[in-house]
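Participant: So that we are looking at the same thing, I have put the structure below in structure tokens.
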Amino acid sequence: MTKEKKIVQDNGVGLVETQEFTFESLKLESGEAFGPITLAFETYGALNKEKSNAILIEHALSGDAHAAGIHKNENVFGWWDNFIGPGKAFDTDKYFVISSNIFGGCKGSTGPASLNPKTGKPYALDFPLISINDIVNAQKCLIDHLGIEKLLSVVGGSMGGHQALAWLVNYPKNICSAVPIATTIKHSPQQIAFNEVGRQSIMADAHWKSGNYYDGLAPSKGLAVARMVGHITYMSDKSMAEKFGRAKKEAGEPFKFTADFEVEGYLRYRGDNFVKRFDANSYLYITKAMDNFDASKGKPFQEILRNTKVKVLVISFKSDWLYPAYQSKEIVKACKLAGVETTYCEIDSTYGHDAFLLEVEEESHLIKHFLKKVFYAYEVTGNYGE
Amino acid sequence: MENRKKEIQLDHEVILDLIKPQSSVLDLGCGTGDLLYLLIKEKGIHGQGIEIDDQAIYKCVAKGLNVFHGDIDTGLAEFSDKYFDYVVLNQSMQQIIHVDKVLDDALRVGKKVVVGFPNFAHYKSRLQMFFQGKSPVTEALPYQWYETPNLHFFSISDFKDYCRAKKINIEGSVCIGERRRLPILPNLFAQTGIFLISK
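Note that the protein sequences, when read in sequence, are chains S and H. Quick note: the first sequence uses numbering that gives the first Met the number 0, first residue 0, plus one each step. Quick note: the second sequence uses numbering that gives the first Met the number 0, first residue 0, plus one each step.
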């Protein structure tokens with residue numbers, strides 16, 4: 000998603016380092032055993048003695064483990080830096096925050112670009128098809144490794160929300176709460192269609208070569224176009240109009256189809272930048288995992304949720320047309336029917352899907368108070384705790 | 000204890016008396032959640048709110064309440080029969096488009112329903128209409144005709160007639176004036192009517 004910073008923070012978690020955890024093997028949903036798997040992760044704040052203050056942050060399609068703070072000799076703040084830090088929504092004075100790059104990703108965790116120990120070459124398309132459940136099962140290994148039996152919360156927007164729902168479904172006894180944001184139980188045909196355009200764009204690039212491009216030029220044009228389509232779906236009509244209008248760029252070289260409009264320049268810039276940091280095969284595998292995901296496993300979702308003691312906060316955004324509010328309401332409806340303690344808010348935002356990264360004030364307020372309720376046996380009733 | 004009681008709104012105090020401890024309560028149009036918070040604190044109820052205004056939701060969440068952002072008119076369909084011990088519609092019924100449908104749903108979803116509404120036949124309203132010939136503006140109906148959120152204007156007598164026609168049991172009612180509960184002539188002197196009903 001868009002990594003835009005409205006304000007530069009100097010009150011965050013400061014210098015951070017990405018760590019690695021490697022484990023032997025994971026049995027995938029497909030039945031295949033795959034390994035070894037390395038997960039890149041970062042942590043912020045300190046784990047308390049009771050190990051009851053750990054929160055797992057789940058990133059979206061293009062995210063990574065670097066959710067907050069800055070790396071040494073770099074100046075890029077983590078993708079959710081506005082939310083993680085002392086006094087922020089995920090208050091690192093109180094909570095221990097964990098963020099890992101997903102299995103299948105390309106930012107330190109094992110994915111199609113990683114070296115296959117058997118051949119000494121990148122896996123490319125020898126990498127198995129993975130699912131959101133596989134991604135979450137790999138995270139469970141990391142959480143076990145960190146010695147945490149029960150997470151205070153699992154939180155994520157967009158595909159991060161898929162993962163939060165997968166935790167809710169697969170590990171209800173290992174989490175106190177879940178916060179799925181701007182997400183869905185399963186992709187609609189429209190969401191699958193946009194992802195398919197992205198995949199086709201990558202595979203149509205002559206440099207893709209059935210995924211075997213690691214010793215030559217990458218399918219950068221294809222990946223850039225996929226990203227451009229993505230960016231269109233992350234914004235709203237209104238946020239685009241406000242950001243670009245029909246403003247034209249300075250005249251450049253005399254060519255008929257230069258990027259005349261600001262919005263064209265922006266999309267090209269975003270596309271070109273993305274290919275420097277993202278692997279095209281990862282994009283194929285991850286979008287496929289999103290499209291195949293169905294938290295309800297083909298049943299009515301409330302049946303899956305029944306008897307869960309997990310508390311749920313669902314957040315959607317008014318102008319988000321990629322993951323529209325009705326999809327969040329379906330999650331809420333299932334929670335209602337299953338008798339799950341749930342709070343739902345549709346934040347009034349014009350940012351579109353990107354709002355989950357940008358609506359700092361309202362979203363922080365909801366998350367902060369929700370976590371407080373879950374963490375402290377809430378003073379009013381005294382029975383909100385474990 | 001006395002001091003605390005004085006700080007509570009009179010209608011909230013009445014509703015507090017009507018609701019049994021440890022019960023489950025759905026507050027339809029819970030606003031900023033003051034009543035739900037009070038019910039949880041004083042009666043140990045298990046509470047859920049539904050509210051349409053996002054700013055009010057933020058206040059509910061800050062109080063640690065479970066609340067759904069949504070419309071009262073469509074928010075009840077998903078709950079099973081008699082899911083809640085009580086459904087509360089306090090000062091929200093007069094603002095709902097399809098009152099009839101919502102009350103039906105509330106009586107289906109809740110074992111009992113508590114409704115609180117401004118009495119349109121309060122003597123001050125009557126005087127204003129009679130002598131000034133204008134739409135009344137009173138403590139209980141504080142809005143000008145062009146800015147009121149209220150869609151329905153009805154009296155305590157209207158509501159009793161409605162319950163009779165719909166075969167709804169009135170299990171209890173409290174009528175309150177500016178500062179106290181009223182034992183006599185409620186349709187004339189009460190600003191607010193609060194009814195406990197069931198079906």
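Ideal placement from N, C-alpha and C gives every residue a C-beta, glycine not left out. Please read all numbers here as calculations on a predicted model, not as lab measurements.
1) Roughly how many whole angstroms lie between the Cα atoms of N149 (chain H) and V101 (chain H)?
2) Under a Cβ-count criterion, where at least 16 other Cβ atoms within 10 Å of its own Cβ denotes burial, should G384 (chain S) be classed as buried or exposed?
3) Starting from A112 (chain S), trace the beta strand (DSSP E) in both directions and tell me its first and last residue.
4) Which residues in chain H have a C-beta closer than 9 Å to the C-beta of F369 (chain S)? List them in chain order.
5) Given this structure, state the Cα-to-Cα distance separating I101 (chain S) from S113 (chain S), to the nearest angstrom.
6) Between which two residues does the alpha helix (DSSP H) harbouring L365 (chain S) extend?
7) Please classify E345 (chain S): is it buried, with 16 or more other beta-carbons within 10 angstroms of its beta-carbon, or exposed?
8) How is S24 (chain S) classed by DSSP in three states: helix, strand or coil?
9) Quick one: what's got a C-beta closer than 6 Å to I180 (chain S)'s C-beta in the same chain, skipping five residues either side?
10) My parser needs the beta strand (DSSP E) runs of 3 or more residues fully inside the region 133-191 of chain H; what are they?
11) Got a sec: is the Cβ-Cβ distance from E94 (chain S) to anything in chain H below 9 Å?
12) What residues from chain S crowd round Y57 (chain H), counting only those whose CB sits closer than 8 Å?
13) For my contact list, V311 (chain S) and A165 (chain S) are in at a C-beta cut-off of 8 Å; report their separation, rounded to the angstrom.
14) If we define contact as Cβ-Cβ less than 9 Å, is E77 (chain H) a contact residue for chain S?
15) H151 (chain H): buried (16+ other C-beta within 10 angstroms of its C-beta) or exposed?
16) So, is the C-beta of V309 (chain S) closer than 9 Å to a C-beta in chain H?
17) At a Cβ threshold of 9 Å, is Y377 (chain S) touching chain H?
18) Any heavy atom of the ligand NAP closer than 8 Å to the Cβ of L35 (chain H)?
19) DSSP puts T342 (chain S) in a beta bridge; with which residues?
20) What does E387 (chain S) touch in chain H if you count any residue whose Cβ is under 8 Å from its own?
21) Could you tell me the alpha carbon to alpha carbon distance between G134 (chain H) and I51 (chain H), rounded to whole angstroms?
22) Compare the Cα-Cα distances from K106 (chain S) to each of S:G44, S:S61, S:L150 and S:S51 and report the closest residue.
23) With three or more C-beta pairs closer than 8 Å as the rule, is the region 63-70 of chain S touching the region 38-54 of chain S?
24) Would P182 (chain H) be called buried (16 or more neighbouring beta carbons within 10 Å of its own) or exposed?
25) Bridge partners of L55 (chain S), per DSSP?
26) Give, in chain order, every residue of the region 101-132 of chain H whose Cβ lies closer than 9 Å to some Cβ of chain S.
27) CA-CA distance, R305 (chain S) and Q326 (chain S)?
Facilitator: Checking against the coordinates, here is how it stands:
1) 16 Å
2) Legend: pLDDT at G384 (chain S) = 35, less than 50; position of this residue unreliable, value from coordinates given subsequently. When all chains shown are included, G384 (chain S) counts as exposed.
3) A112 (chain S) -> no beta strand (DSSP E), and no H or E assigned at all.
4) V60 and G63
5) 13 Å
6) V359 to F374
7) buried
8) coil
9) G156, G160, I314 and F355
10) 168-175
11) Residue identity check: residue 94 (chain S) is Tyr in the sequence provided, not Glu. No, its Cβ sits nowhere closer than 9 Å to a Cβ of chain H.
12) C344, E361, H364 and L365
13) About 14 Å separates the two Cβ atoms, so there is no contact after all.
14) yes
15) exposed
16) no
17) Only weak support exists for where Y377 (chain S) lies, its pLDDT of 40 falling under 50; the value from the coordinates is given anyway. Judged by the 9 Å Cβ criterion, Y377 (chain S) is in contact with chain H.
18) This structure lacks the ligand NAP, and indeed carries no ligand of any kind.
19) S:L312
20) With chain S running from 0 to 385 in the structure shown, residue 387 (chain S) is simply not present.
21) The question names Gly, but residue 134 (chain H) is Ser in the sequence shown. Whole-angstrom Cα-Cα distance: 27 Å.
22) S:S61
23) yes
24) exposed
25) S:I97 and S:V153
26) none
27) 19 Å
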